[in-house]
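Numbering-wise (this note's numbering), the sequence shown opens with residue 309 and increments by one.
Beta carbons are placed, not taken as given, at the ideal position from N, Cα and C, and that holds for glycine.
Below is one structure, written out as structure tokens, with a few remarks after it.
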Amino acid sequence: MPSAVPSLPMSTVATHCPYCALQCGIFLTPTPGGVTISPNALFPVNKGGLCVKGWTAAATLAHPERLTEPLVRTRGGALAPVSWAVALGEIAERFRAVRASHGPDAIGVFGGGSLTNEKTYLLGKFARVALGTANIDYNGRFCMSSAAAAANRALGLDRGLPFPLEDLPHASVILLAGGNPAETMPPIMQYFEAQQQNGGQLIVADPRRTATALWAGRHLRLKPGTDAALANGLLHVLIRDGLVDEPFVRDRTEGFEDARRTVMAYWPERVESITGIDEAAIVEVAHALGRAPRAMILTARGPEQQAQGVTNALAYINVALAIGAVGKHRSGFGSLTGQGNGQGGREHGQKADQLPGYRLIENAADRRHMSAVWEVPESDIPHAGKSAFELLDALGSEVHALLVMGSNPVVSAPDAGRVQQRLASLDTLVVADFFRSETAEHADIVLPAAQWAEETGTMTNLEGRVILRRRAIAPPIGVRTDLEILSAIAAALGRGRWFQYRDEGEVFDELRRATGGATADYAGITYARIEEEDGVFWPCPTVESSGTPRLFADRFPTPSGRARFHATPHAEIADLRDRRFPLLLTTGRVLAQYQSGTQTRRTPDLQAVSAEPFAEIHPVTATHAGVADGDTLLLTTRRGTALFKARLTRTIREDTVFVPFHWNGEQSANRLTNAALDPISRMPELKVCAVRVERAPRESVS
Ligand code: SF4
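Here you go:
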């Protein structure tokens, strides 16, 4: 494969980091050897801060492994270069054959939470209008779906943070449950630091004493899978000790009795026995929250990536409602979004049950609106399809062809070994990517796609701020943008009339029409406004509107206008420990890698920091297992095995082992994880399962 060197950039461009949901502002500057990155100190989110991933993000642009030609699998089994015309013809022929044999729903589409809003929107339209399939979902189902479902049920609207980050320093107390932003998005720590300087307190609930927990004033080292019990215990104490904001509960909420009845059974002593958190600490944290003039509760993937993820998030929302924090200035409840466009990615129609702007695919008025925007009969718009894991699990049985865009499920999906088998049973797998990811290695057809700096598009950061990534350089010759790829496949399928766009701006204008009047209303947002105003917060229904940085101040967008408490009984995890699997496994991210590692594992400076995964294990547990620091460990769960280097540390609970999930093959954490799904959000239980740890047999250590 020839090296693909991007054309020289035109001039310095203000844009954004390609990685996490903070979407730090950066400058890309042309140099004779490529581009350099520097932080944009004027962008109000990162204020000049960048983490090591942002500093090194240019490394992927001119990478020698860049795909620059379409590839088609030959009879001999290898992927060989072909022209775009051949690749598109092959896709159209194969998709038509699957549709003729099995119907339109037999073609699936799998998107990603790093795609721009324009791509997310067009991928949803492509599935429904070009393919006519109900089966589209995306990897964000594995990230934000529990928080989203809980926020919708309790608050009537899902925006990760319903307030801007600039509110954090003013909170008297912040409880952060199951998040480690000091490693995953370090520039955000300046807000927590300012909060501490203002006399505020940060409390972290996490099974590990993470970098964030080390930094916080207090750490609650809870047992994985017990968040609902902890939150119920906090609410129990708040009620018992007269710290509920009764006027707020009376005037702005409903359903308090449901929650009160449930939490009566969660007295602190019992909660200590479930969570492992000292009874006195539970009482003290409840008192700190209940007495704080301005309190915030933030959740992240720890409580959310569980088969009771929605219940966990609802339980924390109950606490935030009980103390009257939600909708109050510089207070509230929020969930920290992880993926680059984890917010916008879940708003614009790549979820199986949604249409753009959070419209619902089963809502008659929403379907009529989209039928008018898309200029197709309402009856032609498919109904709800399968959620992400259910879609992957149906490959080869109900779904026979799959298009993957912006995702690498072989590494990132739970029970990855099973997913890999399902992918292998497909008639046709098409992957659009800029590298030969582990998923692309299984493909029949691979399409070379442009990267972040090579195309324009909007992203919506963790605050709900819509920002613009400007094209800074041209893609390598032979590479197309995802928008061009979707339009070209649609044309090859005879549906090109619905996919005629001059540029990304035209797609965005259609997105604005599609979301007009919807919950996530982008109608008043334009590229020019985003640049002039350093981003615009949705909902923004008209160009005269200033957008909505803070939500819920006067009412909640529920039918009654009130927020809703829920009964949130704690349940056991799906994959219980026994004598064969006596420990708990939890997974997460490290500073120098991102998601499935497709980009960061190809970045030399990041590999120099984090070349391989590890298993954090307590020294006492290690002694019982007969392993020493640096040994290769064989981790076994009811789904598979994987190998990790032992890292002995007292920062983890004795009953828990932690591994990061950015690697593949024998080092794949997701070969171990459990795909038990939350009944509401369909979130897999990525964060906790039973595991056995032993020193690896010599023959398995390479
Ligand atoms: Fe990029 Fe996130 Fe790091 Fe900022 S914090 S530089 S957006 S990875």
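key: Unbroken alpha helix (DSSP H) run spanning Arg805, endpoints   = What you label residue 805 is simply residue 497 of the sequence shown in a count that begins at 1. Element bounds for Arg805: n/a, residue is neither H nor E.
query = Would you say the beta carbon of Leu644 comes nearer than 8 Å to a heavy atom of the ligand SF4?
reply = For the purposes of this step, residue 644 is taken as residue 336 along the sequence shown, with counting starting at 1. No, Cβ of Leu644 sits at least 8 Å from all heavy atoms of the ligand SF4.
query = Is Gly420 near the ligand SF4, with its Cβ less than 8 Å from a heavy atom?
reply = Translated into the one-based positions of the sequence shown, residue 420 becomes position 112. No, since every heavy atom of the ligand SF4 falls outside the 8 Å radius drawn around the Cβ of Gly420.
request  = Hey, could you find the ends of the alpha helix (DSSP H) His410 is sitting in?
outcome  = As a position in the sequence shown, residue 410 is number 102, starting the count at 1. 392–410 is the span of the alpha helix (DSSP H), which, as asked, contains His410.
request  = Identify, in the order they occur along the chain, each residue of the same chain with its Cβ nearer than 8 Å to the Cβ of Leu264, setting aside the five sequence neighbours on each side.
outcome  = The structure shown does not extend to residue 264, since the chain is modelled only from 309 through 1010, so no value can be given for it.
task = Per DSSP, which residues does Thr949 bridge with? Please list them.
result = The residue you call residue 949 lines up with position 641 of the sequence shown. Per DSSP, Thr944.
ask   = Considering only residues of the region 716–786, which uninterrupted alpha helix (DSSP H) runs meet the minimum length of 4 residues and lie entirely inside it, listed in chain order?
value = 717–720, 724–732
key: Contacting residues, own chain, Cβ-Cβ under 6 Å from Ile415 (five flanking each side not counted)   = Position 107 of the sequence shown, counting from 1, holds the residue named residue 415. Hits under 6 Å: Phe403, Val406, Leu439, Thr441, Ala709.
request  = Would you check if there are 3 or more beta carbon pairs closer than 8 Å linking the region 696–714 to the region 668–686?
outcome  = no
query = Ordered along the chain, which non-local residues of its own chain (more than five positions away) have a Cβ less than 7 Å from that of Leu543?
reply = Translated into positions along the sequence shown, residue 543 becomes position 235. Hits under 7 Å: Ala567, Val571, Asn626, Val627, Ala630.
message = On the CB-based measure, 16 or more other CB atoms within 10 Å of its CB, does His656 come out buried or exposed?
response = Counting from 1 along the sequence shown, the entry for residue 656 is found at position 348. Under this definition His656 is a buried residue.
inquiry  = Once DSSP output is grouped into helix, strand and coil, what is the label at Tyr902?
reply    = Taking the first residue of the sequence shown as position 1, residue 902 is located at position 594. The answer is coil: DSSP assigns Tyr902 none of H, G, I, E or B.
query = Taking the C-alpha atoms as reference points, what is the distance between Phe816 and Glu880?
reply = Translated into the one-based positions of the sequence shown, residue 816 becomes position 508. Translated into the one-based positions of the sequence shown, residue 880 becomes position 572. Their Cα atoms are separated by approximately 44 Å.
ask   = Using DSSP with H/G/I as helix, E/B as strand and the rest coil, what is Phe889?
value = Start at 1 with the first residue of the sequence shown, and residue 889 comes out as number 581. Of the three classes helix, strand and coil, the one that applies to Phe889 here is coil, per DSSP.
request  = Assign Leu703 to one of three DSSP states: helix, strand, or coil.
outcome  = Residue numbering aside, residue 703 sits at position 395 when the sequence shown is read from its first letter. Residue state, collapsed to three classes: strand.
message = Could you tell me the alpha carbon to alpha carbon distance between Glu554 and Asn447, rounded to whole angstroms?
response = In the sequence shown, the residue the question calls residue 554 occupies position 246. In the sequence shown, the residue the question calls residue 447 occupies position 139. Near 40 Å, if we compare the C-alpha coordinates of Asn447 and Glu554.
query = Which of the three DSSP states, helix, strand or coil, is assigned to Gly416?
reply = Translated into positions along the sequence shown, residue 416 becomes position 108. Three-state DSSP puts Gly416 in a strand.
key: Whether Leu396 touches Ala758 by CB criterion (9 Å)   = Translated into positions along the sequence shown, residue 396 becomes position 88. Translated into positions along the sequence shown, residue 758 becomes position 450. Against a cut-off of 9 Å, the Cβ pair of Ala758 and Leu396 comes out as no contact.
query = Are there 16 or more other CB atoms within 10 angstroms of the CB of Ala831, so buried, or fewer, so exposed?
reply = If you number the sequence shown from 1, residue 831 lands on position 523. Classification of Ala831: buried, given that the 10 Å Cβ count is 16 or more.
task = Would you mind sorting Pro326 into buried or exposed? The rule is 16 or more other CB atoms within 10 Å of its CB.
result = As a position in the sequence shown, residue 326 is number 18, starting the count at 1. Looking at its Cβ environment, which holds 16 or more other Cβ atoms inside 10 Å, Pro326 is buried.
inquiry  = Any heavy atom of the ligand SF4 closer than 8 Å to the beta-carbon of Ala329?
reply    = Taking the first residue of the sequence shown as 1, we reach residue 329 at position 21. Result yes, Cβ under 8 Å from the ligand SF4.
key: Contact between the region 374–386 and the region 328–343 (3+ Cβ pairs under 8 Å)   = no
Contact under 9 Å by Cβ, Arg726 with Asp688 = Walking along the sequence shown from the start, residue 726 turns up at place 418. Walking along the sequence shown from the start, residue 688 turns up at place 380. It is not a contact, given that the beta carbons lie outside the stated cut-off.
key: Assigned exposure category for Thr876 - 16 Cβ within 10 Å defines buried   = Working through the sequence shown from its first residue, we reach residue 876 at position 568. Looking at its Cβ environment, which holds 16 or more other Cβ atoms inside 10 Å, Thr876 is buried.
Local conformation of Gly342 per DSSP, three classes = Start at 1 with the first residue of the sequence shown, and residue 342 comes out as number 34. Gly342 falls in the strand class under three-state DSSP.
request  = Compare the Cα-Cα distances from Ala456 to each of Leu699, Thr368, Thr645, Ile669 and report the closest residue.
outcome  = Stepping through the sequence shown from its first residue, residue 456 is reached at position 148. Measuring from the Cα of Ala456, the nearest candidate turns out to be Thr645.
query = Can you tell me whether Thr895 is buried or exposed, with buried defined as 16 or more other CB within 10 angstroms of its CB?
reply = Position 587 of the sequence shown, counted from the first residue, corresponds to residue 895. Its Cβ being crowded by 16 or more others within 10 Å, Thr895 is buried.
query = So which of Tyr624, Ala502, Gly772 has the shortest CA-CA distance to Ala536?
reply = Within the sequence shown, numbered from 1, the residue matching residue 536 stands at position 228. The shortest Cα separation from Ala536 among Tyr624, Ala502, Gly772 belongs to Tyr624.
message = With a threshold of 8 Å, are at least 3 pairs of Cβ atoms found where one atom belongs to the region 913–924 and the other to the region 955–975?
response = yes
request  = Apply the 10 Å Cβ neighbour rule to Ile496 and answer buried if 16 or more other Cβ atoms are within range, or exposed otherwise.
outcome  = Locating residue 496 in the sequence shown gives position 188, counting from the first residue. So Ile496 ends up on the buried side.
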